[in-house]
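Quick notes on the structure that follows.
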């Protein structure tokens, strides 16, 4: 079973990894690229906002779509 808190923490550590943990590899790579570009292209506020949205999306996807063994 996927743990939502693990997905959220993984995406907080490295954006997109929580989505990859959820089995959404392409979405995870897109989040990684979008977050990286937002960090590079902004003073930092936009980077933080997108980074937190990424973690929230990973958490909520894992919570709403559990895999049962």
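Numbering (UniProt numbering), first residue to last: 1 to 69. By construction, the Cβ of each residue, glycine as well, lies at the ideal position given by its N, Cα and C atoms.
* To do: Please report the residue range of the alpha helix (DSSP H) in which residue 11 lies.
  => 4–13
* In terms of residues, what are the limits of the alpha helix (DSSP H) holding residue 30? -> 25–41
* Which residue from 6, 3, 1 and 11 puts its Cα closest to that of residue 32? -> 11
* **Nearest-angstrom Cα separation, counted from residue 50 out to residue 16** => 11 Å
* Asked: How big is the Cα-Cα spacing for residue 61 and residue 30?
  -> 16 Å
* What do you get for residue 20, buried or exposed, if any count of 16 or more other CB atoms within 10 angstroms of its CB means buried? -> buried
* Asked: Between which two residues does the alpha helix (DSSP H) carrying residue 18 extend?
  -> 17–21
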